[in-house]
Amino acid sequence: MKIKRADLEGSLKHYLQNLAIRAVFRMAFLLPYGPRVRTVGWITSRIIGPLAGYNARVAANLNYVMPDLPPREVKRLMRGVTDNAGRTLMEIYSGDAFVERMKSVTFEGAGVEALYAARDTRTPVILVTGHFGNYDVPRGALNAQGFNLGALYNPMRNPFFNTHYEQAIGAIGQPIFPRGRRGFARLLRHLSGGGMIGFLVDVFNGGGAKLSYFGKPAMTALSAAELALKYNALVIPIYGIRQEDGLSFKVQVEPPIAHTTPEEMTQALNDSLEAVTRQHMEQWFWIHRRWKPEKVARIDAKRAKKANLS
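This note's numbering applies: residue 13 is where the sequence shown begins, and numbers increase by one.
What follows is the structure, given as structure tokens:
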């Protein structure tokens with residue numbers, strides 16, 4: 013079997029990326045928790061962000077949805093977003109130290125009462141968040157409070173990095189389910205048994221619905237809403253918001269989303285995430301490709317052609 017050169021180059025790139033990340037982590041773990049998290053945030057925002065093209069992607073996304081944003085604010089967000097990303101990753105990898113801090117996290121918001129009532133009555137709940145703040149804080153804090161929460165996650169594209177990433181997120185709480193047929197089946201069993209599951213709403217999904225996020229078309233999976241309607245589950249937006257000290261968090265719990273149609277419910281989830289992001293712009297992951305306008309145009313054309321043929 014002939015191995016393609018592109019595959020070899022991709023594997024080498026992933027291997028070297030993983031080595032670099034692990035080197036940073038080994039250095040960081042020589043420090044106590046607070047300095048460790050701050051240091052990785054600094055390295056990510058001052059070194060990794062510019063070199064890896066993250067700053068350019070943050071600027072491009074901001075220019076796409078908010079073209080009138082002042083250059084000074086764009087620059088501030090480039091640094092703040094990458095700093096938050098670095099801190100989040102280091103926190104997730106900090107294992108017991110991170111889990112211990114989750115025990116003191118406070119829950120706030122109009123949805124807290126519904127969340128605890130669902131736990132006590134074993135009502136199925138779908139918790140929905142985004143790549144915001146530290147997205148593993150709600151899971152860690154809920155597990156610390158005795159909630160039976162399972163989470164669906166996206167395996168990393170870098171297989172070398174993914175191996176230890178899965179170990180790190182698994183240490184924060186169980187069960188976790190990799191995205192895919194087998195993982196999804198396990199997740200459904202957990203939900204139908206009266207458990208709680210977690211979803212991320214802000215991932216581009218070419219097979220999803222064309223909804224709106226920051227006023228621009230955003231292909232969004234309807235899975236959370238569809239499962240809620242099928243299993244009569246509550247859908248509750250939830251966010252781990254980083255506080256001013258850069259190390260502590262609060263968990264904001266929004267009221268359950270009313271059961272209507274999958275599209276309306278998912279748009280409400282997008283609107284909820286947009287609202288909390290506008291309050292803390294540097295805490296959303298502006299690095300990733302949420303909108304992909306060229307791909308959306310191709311999807312529109314393909315769907316229009318299919319509709320004309322039917």
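Backbone N, C-alpha and C define an ideal beta-carbon position, used for all residues, glycine too.
Range covered by the beta strand (DSSP E) that runs through Phe261
261-265
Could you tell me the alpha carbon to alpha carbon distance between Val49 and Leu246, rounded to whole angstroms?
34 Å
Whole alpha helix (DSSP H) runs in the stretch 266-320 with 4 or more residues, listed along the chain?
274-291
Identify the continuous beta strand (DSSP E) that holds Lys222 and give its terminal residues.
Where Lys222 is concerned, the enclosing beta strand (DSSP E) stretches over 216-225.
Cβ of Thr289 within 7 Å of Cβ of Ala237?
Not closer than 7 Å, so no.
Which whole-angstrom value describes the C-beta separation of Thr308 and Met231, a residue pair presumed to lie in contact below a C-beta threshold of 8 Å?
The amino acid at residue 308 is misidentified as Thr; the sequence shows Val. About 6 Å; that satisfies the 8 Å criterion.
Tell me, please, which residues DSSP counts as bridged to Arg113.
Paired residue(s): none; Arg113 is not in a bridge.
Please say whether Asn146 and Glu103 have beta carbons closer to each other than 7 Å?
yes
Secondary structure, beta strand (DSSP E): runs of 3+ residues fully inside the stretch 18-72:
none
DSSP state of Glu256 mapped onto helix, strand, coil:
coil
Which one or two residues does DSSP pair with Thr141 in a beta bridge?
Leu212
Among Arg34, Gly152, Trp303, Gly252, which residue has its Cα nearest to the Cα of Tyr177?
Arg34
Option in Ala71, Ser235, Gln264, Val137 with minimal Cα separation from Gln291
Gln264
Using only CA atoms, which one of Asp95, Asn73, Ser23, Tyr105 lies nearest to Thr51?
Asp95
What is the residue span of the beta strand (DSSP E) that Leu164 lies within?
161-165
Based on the DSSP secondary-structure assignment, which residues constitute the bridge partners of Thr118?
Lys262
For Thr133, the first and last residue of its enclosing beta strand (DSSP E)
Not the beta strand (DSSP E): Thr133 falls in the alpha helix (DSSP H), residues 124-133.
Helix, strand or coil for Met102? Go by DSSP, reduced to three states.
helix
Is the separation between the beta-carbon of Trp303 and that of Val70 shorter than 7 Å?
no
Grouping DSSP H, G and I as helix and E and B as strand, with all else coil, what is Ala245?
coil
Where does Met231 sit, in a helix, a strand or coil, going by DSSP?
strand
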